[in-house]
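Beneath this line is the structure, given in C-alpha cells, with notes to follow.
2 protein chains.
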Amino acid sequence: MSLIVQKFGGTSVGTIERIEGVADKVAKFHGEGHQVVVVVSAMSGETNRLIGLANEIQARPVPREMDVLVSTGEQVTTALLSMALTKRGVKAKSYTGGQVKILTDSAHTKARIQHIDDQNLRADLEAGYVTVVAGFQGVDEKGNITTLGRGGSDTTAVALAAALKADECQIYTDVDGVYTTDPRVVSSAQRLDRITFEEMLEMASMGSKVLQIRAVEFAGKYQVPLRVLHSFQEGPGTLISIEELNDVETPTIAGIAFTRDEAKLTVSGVPDMPGIAYKILGPIGEANIEIDVIVQNVGHDNTTDFTFTVARGDLARAQEILQGVVAEIGAKSVESDSKIAKVSVVGVGMRSHAGVASQMFSALADVGINILMITTSEIKISVIIEEKYLELAVRALHTAFGLDAEPVEE
Amino acid sequence: MSLIVQKFGGTSVGTIERIEGVADKVAKFHGEGHQVVVVVSAMSGETNRLIGLANEIQARPVPREMDVLVSTGEQVTTALLSMALTKRGVKAKSYTGGQVKILTDSAHTKARIQHIDDQNLRADLEAGYVTVVAGFQGVDEKGNITTLGRGGSDTTAVALAAALKADECQIYTDVDGVYTTDPRVVSSAQRLDRITFEEMLEMASMGSKVLQIRAVEFAGKYQVPLRVLHSFQEGPGTLISIEELNDVETPTIAGIAFTRDEAKLTVSGVPDMPGIAYKILGPIGEANIEIDVIVQNVGHDNTTDFTFTVARGDLARAQEILQGVVAEIGAKSVESDSKIAKVSVVGVGMRSHAGVASQMFSALADVGINILMITTSEIKISVIIEEKYLELAVRALHTAFGLDAEPVEE
Numbered sequence: 001m002s003l004i005v006q007k008f009g010g011t012s013v014g015t016i017e018r019i020e021g022v023a024d025k026v027a028k029f030h031g032e033g034h035q036v037v038v039v040v041s042a043m044s045g046e047t048n049r050l051i052g053l054a055n056e057i058q059a060r061p062v063p064r065e066m067d068v069l070v071s072t073g074e075q076v077t078t079a080l081l082s083m084a085l086t087k088r089g090v091k092a093k094s095y096t097g098g099q100v101k102i103l104t105d106s107a108h109t110k111a112r113i114q115h116i117d118d119q120n121l122r123a124d125l126e127a128g129y130v131t132v133v134a135g136f137q138g139v140d141e142k143g144n145i146t147t148l149g150r151g152g153s154d155t156t157a158v159a160l161a162a163a164l165k166a167d168e169c170q171i172y173t174d175v176d177g178v179y180t181t182d183p184r185v186v187s188s189a190q191r192l193d194r195i196t197f198e199e200m201l202e203m204a205s206m207g208s209k210v211l212q213i214r215a216v217e218f219a220g221k222y223q224v225p226l227r228v229l230h231s232f233q234e235g236p237g238t239l240i241s242i243e244e245l246n247d248v249e250t251p252t253i254a255g256i257a258f259t260r261d262e263a264k265l266t267v268s269g270v271p272d273m274p275g276i277a278y279k280i281l282g283p284i285g286e287a288n289i290e291i292d293v294i295v296q297n298v299g300h301d302n303t304t305d306f307t308f309t310v311a312r313g314d315l316a317r318a319q320e321i322l323q324g325v326v327a328e329i330g331a332k333s334v335e336s337d338s339k340i341a342k343v344s345v346v347g348v349g350m351r352s353h354a355g356v357a358s359q360m361f362s363a364l365a366d367v368g369i370n371i372l373m374i375t376t377s378e379i380k381i382s383v384i385i386e387e388k389y390l391e392l393a394v395r396a397l398h399t400a401f402g403l404d405a406e407p408v409e410e
Numbered sequence: 001m002s003l004i005v006q007k008f009g010g011t012s013v014g015t016i017e018r019i020e021g022v023a024d025k026v027a028k029f030h031g032e033g034h035q036v037v038v039v040v041s042a043m044s045g046e047t048n049r050l051i052g053l054a055n056e057i058q059a060r061p062v063p064r065e066m067d068v069l070v071s072t073g074e075q076v077t078t079a080l081l082s083m084a085l086t087k088r089g090v091k092a093k094s095y096t097g098g099q100v101k102i103l104t105d106s107a108h109t110k111a112r113i114q115h116i117d118d119q120n121l122r123a124d125l126e127a128g129y130v131t132v133v134a135g136f137q138g139v140d141e142k143g144n145i146t147t148l149g150r151g152g153s154d155t156t157a158v159a160l161a162a163a164l165k166a167d168e169c170q171i172y173t174d175v176d177g178v179y180t181t182d183p184r185v186v187s188s189a190q191r192l193d194r195i196t197f198e199e200m201l202e203m204a205s206m207g208s209k210v211l212q213i214r215a216v217e218f219a220g221k222y223q224v225p226l227r228v229l230h231s232f233q234e235g236p237g238t239l240i241s242i243e244e245l246n247d248v249e250t251p252t253i254a255g256i257a258f259t260r261d262e263a264k265l266t267v268s269g270v271p272d273m274p275g276i277a278y279k280i281l282g283p284i285g286e287a288n289i290e291i292d293v294i295v296q297n298v299g300h301d302n303t304t305d306f307t308f309t310v311a312r313g314d315l316a317r318a319q320e321i322l323q324g325v326v327a328e329i330g331a332k333s334v335e336s337d338s339k340i341a342k343v344s345v346v347g348v349g350m351r352s353h354a355g356v357a358s359q360m361f362s363a364l365a366d367v368g369i370n371i372l373m374i375t376t377s378e379i380k381i382s383v384i385i386e387e388k389y390l391e392l393a394v395r396a397l398h399t400a401f402g403l404d405a406e407p408v409e410e
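Sequence order for the protein chains is F and L. UniProt numbering applies: residue 1 is where the first sequence begins, and numbers increase by one. UniProt numbering applies: residue 1 is where the second sequence begins, and numbers increase by one.
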C-alpha cells in the first residue's frame with residue numbers, strides 16, 4: 001500500500017462529466033489499496049469568471065479580497081469531486097486550504113507555503129477516506145485566506161506530498177508526459193520515461209507547459225517523486241526524480257529545449273572600463289526586465305560591444321532605457337534584433353561526457369546555421385540563432401543526439 | 001455612534017451594479033460615524049447554479065459537501081462588496097462564517113447557531129473597518145463548514161446583532177416595510193412604523209415574504225430591534241421590537257393576515273369516545289402533514305363530526321390516510337373542501353381590549369360572509385371562510401379595524 005497525491009487541473013475537472021471521469025480514476029487507485037490525496041483546481045473558466053466580476057468593480061481589487069473571491073473556485077471542485085466519489089461508494093471528504101491547514105505567509109495572491117499540518121489528512125486517510133484538497137490556497141497565521149498565485153495547485157500537490165512523505169505525486173495534465181522536445185516541431189520526439197529535477201528545470205521552456213517551475217523546484221528540494229500523466233488517457237507518463245548516478249543507461253542528453261520570444265540588444269562603442277556592465281544592466285534590472293544571455297565582445301580601440309537578450313515583450317522598454325544610458329556612458333549606439341530564438345541541449349549526462357558542445361556546434365554547422373551567442377551551464381548548452389532557423393536547429397540537434405524515436409514498423 | 005448590522009439578500013446583491021449600490025448605502029452609514037457589520041447572501045441565482053451542478057452528480061448529494069459547495073456563494077459576495085467599499089475609501093474586510101467564528105451544531109444543510117465569537121469582528125470594528133460577513137454559514141466544532149438552511153442569512157444577521165449587542169439589525173429586502181395587510185389585496189393598506197415580535201410571528205402569512213420566521217423568533221428571544229427596509233428606496237421601514245406596554249397610541253389591531261392555500265377535511269359519523277381525536281390525527285402527524293385549525297362538532301346519536309385544515313398540497317395524501325382510518329374506527333365518511341382560506345386579525349392590543357372577536361364577526365356578517373371555522377390565540381383570531389370571499393373579507397376587516405390609510409389629498 002502506498003500513499004499517492006494526485007493533482008487534477010482545471011481542464012481535467014472542467015465539466016461534471018470530467019469530474020465523474022476523475023472520480024473513476026481516483027476510485028480505481030483507492031480500490032487497489034492505495035491511500036489517495038487528491039488536489040484539484042477550479043473548473044476551467046471559473047477563475048476567469050470570478051476575476052471578471054472583481055474587475056467590473058476595480059481594475060486592481062484589494063489582494064486580500066481577491067483571494068477570498070477566487071479561492072471559492074477550488075472549494076466548489078472539492079465538494080463536487082467528493083460527491084462523485086461518494087456516489088461510487090468511496091468515502092471522501094473535501095478540505096479547504098484552511099481546513100488542512102496549509103499555512104502560508106500573508107503575501108496575498110502570491111503567498112508561499114510555510115508549513116503544512118498533516119494531522120487531519122492523515123487521520124482521514126487512516127480511516128479510509130480519499131481526501132480532496134483545494135489547490136492553490138492556504139491561510140496565514142491570522143486565518144486570512146491566501147492564494148499561491150495562478151496555477152499554484154501543482155505546488156499544493158507537491159507540498160502535500162512532501163509533508164505526508166507520499167510515495168509519489170502525480171500531476172494529471174493534457175499531455176502524456178515530458179518529451180525530448182516539442183512534438184509539434186519534431187514529429188519523432190519521444191516521451192521520456194524518466195527525467196531528473198535539474199533537467200526538468202532546464203527544459204523549462206517546454207516544461208512550463210507541463211508543470212510549474214516552482215512545483216518542480218519544490219519537488220526536487222524535498223525529493224518528492226513527481227509523475228506527469230495524461231488526465232484522460234492511460235499510460236505511465238514521465239517520472240521526474242533525483243538523479244540516478246549509477247544508471248549507465250541514462251542518455252547523455254535528455255532533450256532539446258527552445259524559446260522563440262527572445263530579443264537581442266547590442267550597445268556598441270562602449271568605453272572599456274570597470275563597472276561599465278553594471279551601468280548598462282543596472283537600469284534594466286531596476287525596471288524589472290529579466291536579462292537572459294549576456295555577451296561582452298573583446299574590444300578594439302578601448303571600446304567594446306555589449307550584447308544581451310530579453311523577453312521580446314520587454315524590448316521596447318529596454319531600448320528606451322538604453323538610449324539614456326548610451327548618452328550617459330558615451331557609447332556609440334544601441335541596436336536591437338527581435339528575430340532571434342534560443343535552442344538548448346539539456347542533460348545531466350553532459351557533466352561526465354566531454355564533447356557535447358562540439359557535437360552541438362558541428363550539428364548546427366552541418367545545416368548551415370550561424371550561432372549568434374553561446375551560454376552554458378553544468379547541464380545545459382544554449383545558443384542564440386536567427387529565429388527562422390529555429391525548427392531546423394531543433395530537428396538537427398534531436399537527430400544528432402540520438403533522440404529520434406525509431407520508426408514504427410507497419 | 002451606534003453599532004448596526006445590515007443584511008442584504010440575494011436580489012439586493014444580484015449584480016455588480018447592485019453590489020455597488022449596497023456599497024453606497026453602507027458607506028453612507030459608516031460615514032455618519034456608525035459601526036457597521038454587513039451580512040450578505042449569495043448573488044441571486046448563484047445558489048441554484050451550485051445546487052444544479054451537484055444534482056448533475058446526484059439527486060441527494062452528501063450534506064457535508066453540499067455545505068462546502070453552496071457556502072462559496074456568500075463568500076463570493078463578501079469579497080465583491082468589500083472591494084466595492086474599499087473603492088469608496090471605506091476600510092472593509094470580508095469574513096466567512098468560520099473566520100468570525102459562527103459555531104453551529106453539525107446538522108449539515110440545516111445547522112443551528114450555538115455560539116458566536118465576537119472578538120475578531122469587534123477588533124476590526126474598533127479599528128474602523130466595515131466587516132462584511134457571509135450569511136447562512138458557520139462551522140461546527142471540528143471546523144466542518146455548515147449552512148443554516150436556505151435563506152438563513154436573516155438568522156445570521158440577527159444572531160450577530162445579538163452577539164454584538166447591536167443597536168439595530170436592519171434587514172434590506174424588496175418591500176419597504178411590514179404592511180397592515182397585503183397591498184395587492186387592499187390598496188389602502190398602510191406600512192406599519194412599528195410592530196411587536198409576537199405580532200410579526202402571527203402575521204407570518206405575510207411576514208414570510210418579508211422575513212424568516214426563525215430570524216424573528218431569534219430577534220424576539222434576544223430582544224434585538226429588527227428593522228425591515230427597502231434595498232433600493234429610501235424610507236424608515238418597519239421596526240419590529242418588544243412590546244411597549246405604556247404606549248397608548250398602539251392600535252388594537254396591527255394587521256390582517258391571510259393564507260389561501262388551505263384545505264379542509266371532515267370525518268363525519270365518528271363514534272364519540274375518548275382517544276378518537278388521536279386515532280384520526282395521529283396517522284396524519286406521522287406522515288409529516290401539518291395540521292392547522294381543528295374543530296370537533298357537538299355530537300348527535302353518540303357520533304360526532306371532526307374537521308381540520310391542512311396545507312392544500314397535502315390534501316390528497318391526508319385524504320388517502322383518512323380512508324384507512326375511517327374503516328378502522330367505524331366512521332361514516334371523509335369529505336374534503338379545497339376551496340377555503342384563512343383570515344386572521346392580529347394585534348397585541350386585543351389582550352386588553354374585549355370585543356375584538358365580536359367586532360370581527362359582525363364585520364364579516366355585514367358583507368354576508370359565512371364563517372366555517374374559528375380559532376383563537378392570545379393575540380390573533382382566525383376564521384376559515386370560502387376562498388371566493390377572501391379579498392372581500394380582508395378589505396372589510398381592514399376597514400372595520402380602522403387600518404385604511406387616509407386618502408392623500410391631491
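We put the beta carbon where it would ideally sit given N, CA and C, even for glycine. Fair warning: this is a prediction, and the values are worked out from it, not measured in the lab.
Tell me residue i's beta-bridge partners as DSSP assigns them.
i	result
serine 187 (chain L)	Its beta-bridge partners do not exist; DSSP assigns none.
glycine 255 (chain F)	F:Val346
aspartate 337 (chain L)	L:Lys264
phenylalanine 361 (chain F)	Note: phenylalanine 361 (chain F) sits in no beta bridge, so no partner.
alanine 134 (chain L)	L:Val40
leucine 103 (chain L)	L:His115 and L:Val139
isoleucine 195 (chain F)	F:Ile240
histidine 300 (chain F)	F:Thr303
proline 283 (chain L)	Beta-bridge pairing links proline 283 (chain L) to no other residue.
Could you check the C-alpha separation between residue i and residue j for me, to the nearest Å?
i	j	result
valine 228 (chain L)	glycine 73 (chain L)	23 angstroms
glycine 10 (chain L)	glutamate 126 (chain F)	41 angstroms
glutamate 17 (chain F)	valine 346 (chain L)	53 angstroms
threonine 96 (chain L)	glutamine 75 (chain L)	6 angstroms
alanine 113 (chain F)	tyrosine 222 (chain F)	Per the sequence shown, residue 113 (chain F) should be read as isoleucine rather than alanine. Approximately 14 angstroms, taken between the alpha carbons.
leucine 121 (chain F)	tyrosine 129 (chain F)	9 angstroms
glycine 235 (chain L)	proline 183 (chain L)	17 angstroms
asparagine 370 (chain F)	threonine 399 (chain F)	18 angstroms
threonine 147 (chain F)	glycine 138 (chain F)	6 angstroms
Given a cut-off of 8 angstroms, decide if residue j and residue i are closer than it, judged by their beta-carbon atoms.
i	j	result
alanine 331 (chain L)	serine 268 (chain L)	yes
serine 336 (chain L)	alanine 263 (chain L)	yes
glycine 363 (chain L)	leucine 397 (chain L)	Before going on, a small fix: residue 363 (chain L) reads as alanine here, not glycine. Yes, they are a contact pair.
threonine 309 (chain F)	isoleucine 256 (chain F)	no
glycine 152 (chain L)	glycine 98 (chain L)	no
valine 348 (chain L)	glutamate 141 (chain L)	no
leucine 50 (chain L)	aspartate 118 (chain L)	no
aspartate 167 (chain F)	leucine 3 (chain F)	yes
threonine 77 (chain F)	valine 13 (chain F)	yes
Leaving out five residues on either side along the sequence, give the residues of the same chain with a beta carbon under 7 angstroms from the beta carbon of residue i.
i	result
alanine 341 (chain L)	Phe258, Thr259, Arg260, Glu262, Ile385, Glu387 and Leu390
isoleucine 284 (chain L)	Ile291, Ala318 and Ile321
alanine 23 (chain L)	Leu81, Ala84, Leu85 and Arg88
alanine 79 (chain F)	Ser94
isoleucine 195 (chain L)	Val178, Thr238, Ile240 and Ala254
leucine 160 (chain F)	Val5, Val37, Val39, Ile116 and Val133
Under 6 angstroms Cβ to Cβ from residue i, same chain only, skipping five residues before and after it: list those, please.
i	result
valine 158 (chain F)	Cys169, Ala215, Phe218, Ala219 and Val224
leucine 226 (chain F)	Cys169, Ala219 and Ile240
Ignore the nearest five residues each way along the sequence and tell me which others in residue i's own chain have a CB closer than 8 angstroms to its CB.
i	result
glutamate 328 (chain L)	Lys279
Check whether the stretch 40–49 of chain L and the stretch 124–138 of chain L are in contact - that is, three or more C-beta pairs closer than 8 angstroms.
The stretch 40–49 of chain L, when compared against the stretch 124–138 of chain L, does touch it at the 8 angstroms Cβ threshold.
Indicate whether the contact test is met: 3 or more Cβ pairs, each with one atom in the stretch 315–327 of chain L and one in the stretch 293–306 of chain L, closer than 8 angstroms.
Between the stretch 315–327 of chain L and the stretch 293–306 of chain L there are fewer than three C-beta pairs closer than 8 angstroms, too few to call the two in contact.
When the Cβ atoms of the stretch 230–238 of chain L are set against those of the stretch 280–298 of chain L, are three or more pairs found closer than 8 angstroms?
Cβ pair count under 8 angstroms is below three, so no.
For the stretch 21–31 of chain L and the stretch 60–70 of chain L, state whether three or more C-beta atom pairs, one from each stretch, are separated by less than 8 angstroms.
With the rule of 3 Cβ pairs closer than 8 angstroms, the stretch 21–31 of chain L does not count as touching the stretch 60–70 of chain L.
Check whether the stretch 372–384 of chain F and the stretch 271–283 of chain F are in contact - that is, three or more C-beta pairs closer than 8 angstroms.
When C-beta atoms of the stretch 372–384 of chain F are compared with those of the stretch 271–283 of chain F, fewer than three pairs fall below 8 angstroms, so the two segments do not count as touching.
Across the stretch 96–113 of chain L and the stretch 1–8 of chain L, are there enough close Cβ pairs to call them in contact, namely three or more that are closer than 8 angstroms?
Contact between the stretch 96–113 of chain L and the stretch 1–8 of chain L is absent, because fewer than three Cβ pairs lie under 8 angstroms.
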